[in-house]
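Visitor:
Residue numbers (our numbering), protein chains in the order written: chain A, 216 to 498; chain B, 7 to 291.
(1) Go ahead and pull the three-state DSSP assignment for residue 302 of chain A.
(2) Buried or exposed: residue 416 of chain A, going by 16 or more other Cβ atoms within 10 Å of its Cβ?
(3) Just checking: is the beta-carbon of residue 409 of chain A within a distance shorter than 8 Å of some beta-carbon in chain B?
(4) So residue 319 of chain A packs on residue 435 of chain A, CB below 8 Å; how close in whole Å?
(5) Residue 152 of chain B: buried (16+ other C-beta within 10 angstroms of its C-beta) or exposed?
(6) With distances taken between CB atoms, is the gap from residue 181 of chain B to residue 226 of chain B smaller than 8 Å?
(7) Output yes if chain B places a C-beta closer than 8 Å to the C-beta of residue 316 of chain A; else output no.
(8) Does any CB atom of chain A fall closer than 8 Å to the CB of residue 206 of chain B?
(9) For a cutoff of 8 Å on Cβ pairs, would you count residue 356 of chain A as touching chain B?
(10) Compare the Cα-Cα distances from residue 100 of chain B to each of B:86, B:51, B:78 and report the closest residue.
(11) 8 Å is my cut-off, CB to CB: does residue 240 of chain A come that close to chain B?
(12) Quick one: Cα of residue 2 of chain B to Cα of residue 329 of chain A, how far?
(13) What ranges does the alpha helix (DSSP H) occupy inside the region 119-173 of chain B, keeping only unbroken runs of at least 4 residues that lie completely in it?
(14) Is there a Cβ of chain B sitting closer than 8 Å to that of residue 443 of chain A, yes or no?
(15) What does the alpha-carbon distance come out to for the pair residue 341 of chain A and residue 393 of chain A?
(16) Taking 8 Å as the CB-CB cut-off, is residue 107 of chain B touching chain A?
(17) If you reduce the DSSP assignment to three classes, tell me which class residue 357 of chain A lands in.
(18) Check the DSSP bridge columns for residue 382 of chain A and list the partner residues they point to.
(19) Taking Cβ positions, are residue 378 of chain A and residue 363 of chain A nearer each other than 8 Å?
(20) Can a CB atom of chain B be found closer than 8 Å to the CB of residue 340 of chain A?
(21) Starting from the beta carbon of residue 280 of chain B, find every residue of chain A whose beta carbon is closer than 8 Å, and list them in chain order.
(22) I'd like the list of long-range same chain contacts for residue 275 of chain B, defined as Cβ closer than 7 Å, with 5 residues on each side in sequence excluded.
(23) Taking the Cβ atom as the reference point for each residue, do residue 339 of chain A and residue 426 of chain A lie within a distance shorter than 8 Å?
(24) Checking 8 Å against the spacing of the C-beta atoms, do residue 143 of chain B and residue 97 of chain B come in under that value?
(25) What did DSSP end up calling residue 374 of chain A once you bin it into helix, strand or coil?
(26) For residue 211 of chain B, which residues from the same chain have a beta carbon less than 6 Å from its beta carbon, with the 5 sequence-adjacent residues on both sides left out?
(27) Taking all protein chains shown into account, decide if residue 270 of chain B is buried (16 or more other Cβ within 10 angstroms of its Cβ) or exposed.
(28) Can you tell me the Cα-Cα spacing of residue 156 of chain B and residue 110 of chain B, whole angstroms?
(29) Quick one: which unbroken alpha helix (DSSP H) runs of 4-plus residues sit fully inside the region 50-81 of chain B? Chain order, please.
(30) Cα-Cα, which of B:160, B:203, B:219, B:171 is closest to residue 178 of chain B?
(31) In the DSSP output, what is residue 222 of chain B paired with across the bridge?
(32) Is residue 296 of chain A buried or exposed, if buried means 16 or more other CB atoms sit within 10 Å of its CB?
(33) On the DSSP bridge assignment, give the partners of residue 427 of chain A in chain order.
(34) So residue 351 of chain A packs on residue 380 of chain A, CB below 8 Å; how close in whole Å?
(35) 8 Å is my cut-off, CB to CB: does residue 352 of chain A come that close to chain B?
(36) Closest Cβ-Cβ distance between residue 268 of chain B and chain A: below 8 Å?
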């Protein structure tokens, strides 16, 4: 799993599904994966509907027929992805894993607090472990453990294979994992940048320290299936999203999710990640 | 199951109207009920005055006919001067009616918005039922904004604050309603660090609701859901036990009007958790 903000991922999904219906088309399949989250499809519906109503007005999109699929489960996301939706919001790991087979193409990235990247950290209790070597065989918890291949190749950059190196204790809720860490029920927790920045809000933050910091990885955005979408579909989507955060109503939504703007994907950024994915073999 | 397919078609005008409506209700304007109301033909209603409605309202529950609730609301609305001393009753009736409008979002939001205003009036007037009024303020406000993501997030803090007051003052209202709803709110709200969501707190509140009010099916159902969402496979036995307890309590005739809907929720959660439940007990008197 790779993204700075799971809520952002969800937001991007809403955005994508609202903007991708061309006039006169029979409809487009939009897959929204919210891996690691605890949102049920039926609970997501009001948010989806609200976002749709605002975004349809942004670009003057006619009411259309849009088929959306929403899931918070990595396994179901992969199953739905195999059905080749036109557009998708995925984790970086699922994107890298399926990029070649499904001809996936990244389209757009969000920018939050001036950054389009995310960084992962392994947190421990102070004075228990200062580096990864001291955590071998220990328990590692947190919400980002559902894609061990991605963790091995990208987060830990081939240094370790977390599936065999740690006792993995995945949890959908970061706060719960951190409380267990503070109570000594876990030895380490993997958090992303937003969670790391939020530690100051927790009463036990002073008990924790960082044992590992990953390289900065690009934020995930909207990806398109190149076989099933036309250049015009992709161009239109890009154009509409770019206008989102300057539109009167859209601006409020962007502010709500702390998104400054959406930027076209810098292909070099993803190329570098793709090369690393190919080159780095897990140990 | 998490995956779903749906056909989306939302008239923009309806959404804009709903946003404006919600903005009105949140703007604050004491003692002015400027929200649109539908008319009820009082000639078809019992010959009740405000005091009689207040008396009858003590017996209102799930089994009460919707027409009876509408008549009660119509009497209270029509009273001159406005029956501010009965605001706590009105906000409750508004919620009961709004909660039944599952297929008419526009009417549900109008009724809930009216309930919020009556609750605000009750609090401004120094109601004796502070805990109950805060509870109905919270649940009405929740119904009014739940389909508008921006407003919902914006009002989470206000809803949580009102529920905390009702938990402190009237935790047993509606068989643990404040505990149940605050627990669900903590379960569904955006989690740390983005929001107030807190799975551990949700479990704590819902466990308390189950312990203190084991006859309310939703206490068991929400507790099962919280256990599944937060503890996942580690709590499968507990989830199954709570779902079975939901069915047992739901078999009582008190729950006839909602049994079908809540049974569906039980099955959805069981399906999600891949739990095979024993056959449901038949309705009991």
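The beta carbon of each residue, even a glycine, is placed where N, CA and C say it ideally should be.
Guide: By the coordinates alone:
(1) Here residue 302 of chain A refers to the residue found at position 87 when the first chain is read from its first residue. DSSP places residue 302 of chain A in strand when its eight states are reduced to three.
(2) Here residue 416 of chain A refers to the residue found at position 201 when the first chain is read from its first residue. Exposed, by the Cβ-count rule.
(3) Looking up residue 409 of chain A in the first chain gives position 194. Yes, residue 409 of chain A lies at the interface with chain B (some Cβ there is under 8 Å from its Cβ).
(4) Residue mapping note: residue 319 of chain A aligns to position 104 of the first chain, counting from 1. Residue mapping note: residue 435 of chain A aligns to position 220 of the first chain, counting from 1. With a Cβ gap of about 11 Å, residue 319 of chain A and residue 435 of chain A do not count as contacting.
(5) Counted from its first residue, the second chain places residue 152 of chain B at position 146. It counts as buried.
(6) Walking along the second chain from the start, residue 181 of chain B turns up at place 175. Walking along the second chain from the start, residue 226 of chain B turns up at place 220. Going by C-beta atoms, residue 181 of chain B is not nearer than 8 Å to residue 226 of chain B.
(7) Numbered from 1 along the first chain, position 101 holds the residue referred to as residue 316 of chain A. Output row for residue 316 of chain A: interface = no.
(8) Numbered from 1 along the second chain, position 200 holds the residue referred to as residue 206 of chain B. Using beta-carbon distances, residue 206 of chain B counts as an interface residue toward chain A, with a partner under 8 Å.
(9) On the first chain, position 141 is the one that residue 356 of chain A refers to. No - not a single Cβ of chain B is within 8 Å of the one on residue 356 of chain A.
(10) One-based indexing of the second chain puts residue 100 of chain B at position 94. Taking the Cα of residue 100 of chain B as reference, the smallest distance to any Cα among B:86, B:51, B:78 is reached at B:78.
(11) Working through the first chain from its first residue, we reach residue 240 of chain A at position 25. Note that residue 240 of chain A scores a pLDDT of 46, beneath 50, so its modelled location is shaky; the value from the coordinates is reported in the next line. No, because no Cβ of chain B sits closer than 8 Å to the Cβ of residue 240 of chain A.
(12) This structure cannot speak to residue 2 of chain B, because chain B is shown only from 7 to 291.
(13) Within the region 119-173 of chain B, the runs of alpha helix (DSSP H) at least 4 residues long that lie entirely inside it are, in chain order, 136-151.
(14) Translated into positions along the first chain, residue 443 of chain A becomes position 228. With 8 Å as the cut-off, residue 443 of chain A does not count as an interface residue toward chain B.
(15) Walking along the first chain from the start, residue 341 of chain A turns up at place 126. Walking along the first chain from the start, residue 393 of chain A turns up at place 178. Taking the straight line from one Cα to the other gives about 13 Å.
(16) For the purposes of this step, residue 107 of chain B is identified with residue 101 of the second chain, where counting begins at 1. False, the Cβ-Cβ gap to chain A never drops below 8 Å.
(17) Here residue 357 of chain A refers to the residue found at position 142 when the first chain is read from its first residue. It is a strand residue.
(18) To locate residue 382 of chain A, count along the first chain from 1; it is residue 167. Beta-bridge pairing links residue 382 of chain A to A:354.
(19) Reading the first chain from its first residue, position 163 is the one you call residue 378 of chain A. Reading the first chain from its first residue, position 148 is the one you call residue 363 of chain A. By the CB criterion at 8 Å, residue 378 of chain A and residue 363 of chain A fall inside the cutoff.
(20) To locate residue 340 of chain A, count along the first chain from 1; it is residue 125. Cβ-Cβ to chain B under 8 Å: no for residue 340 of chain A.
(21) The residue you call residue 280 of chain B lines up with position 274 of the second chain. What residue 280 of chain B touches in chain A: nothing, since even the nearest Cβ is about 12 Å away.
(22) Your numbering for residue 275 of chain B matches position 269 in the second chain. So the qualifying residues of the chain are 230, 231, 234, 249.
(23) Residue 339 of chain A sits at position 124 when you count from the first residue of the first chain. Residue 426 of chain A sits at position 211 when you count from the first residue of the first chain. Judged by beta-carbon spacing, residue 426 of chain A lies within the 8 Å limit of residue 339 of chain A, meaning their Cβ atoms are closer than that value.
(24) Here the question's residue 143 of chain B lines up with position 137 in the second chain. Here the question's residue 97 of chain B lines up with position 91 in the second chain. Going by C-beta atoms, residue 143 of chain B is nearer than 8 Å to residue 97 of chain B.
(25) One-based indexing of the first chain puts residue 374 of chain A at position 159. Of the three classes helix, strand and coil, the one that applies to residue 374 of chain A here is coil, per DSSP.
(26) Here residue 211 of chain B refers to the residue found at position 205 when the second chain is read from its first residue. Counting only Cβ-Cβ distances below 6 Å, and skipping sequence neighbours, we find 185, 188, 189.
(27) Indexing the second chain from 1 puts residue 270 of chain B at position 264. Per the 10 Å Cβ criterion, exposed.
(28) On the second chain, residue 156 of chain B is found 150 positions in, with the first residue counted as 1. On the second chain, residue 110 of chain B is found 104 positions in, with the first residue counted as 1. The straight-line gap from Cα to Cα measures roughly 21 Å.
(29) For the region 50-81 of chain B, whole alpha helix (DSSP H) runs of length 4 or above, ordered along the chain, are 56-63.
(30) On the second chain, position 172 is the one that residue 178 of chain B refers to. The closest CA to that of residue 178 of chain B, considering only B:160, B:203, B:219, B:171, is found on B:219.
(31) Mapped onto the second chain, residue 222 of chain B falls at position 216. Its beta-bridge partners do not exist; DSSP assigns none.
(32) Along the first chain, read from residue 1 onward, the residue named residue 296 of chain A stands at position 81. Buried, by the Cβ-count rule.
(33) Here the question's residue 427 of chain A lines up with position 212 in the first chain. In the DSSP assignment, the residues bridged to residue 427 of chain A are A:337.
(34) In the first chain, residue 351 of chain A corresponds to position 136, counting from 1. In the first chain, residue 380 of chain A corresponds to position 165, counting from 1. About 6 Å; that satisfies the 8 Å criterion.
(35) One-based indexing of the first chain puts residue 352 of chain A at position 137. With 8 Å as the cut-off, residue 352 of chain A does not count as an interface residue toward chain B.
(36) Indexing the second chain from 1 puts residue 268 of chain B at position 262. For residue 268 of chain B, the answer is no, since every Cβ of chain A falls outside 8 Å of its Cβ.
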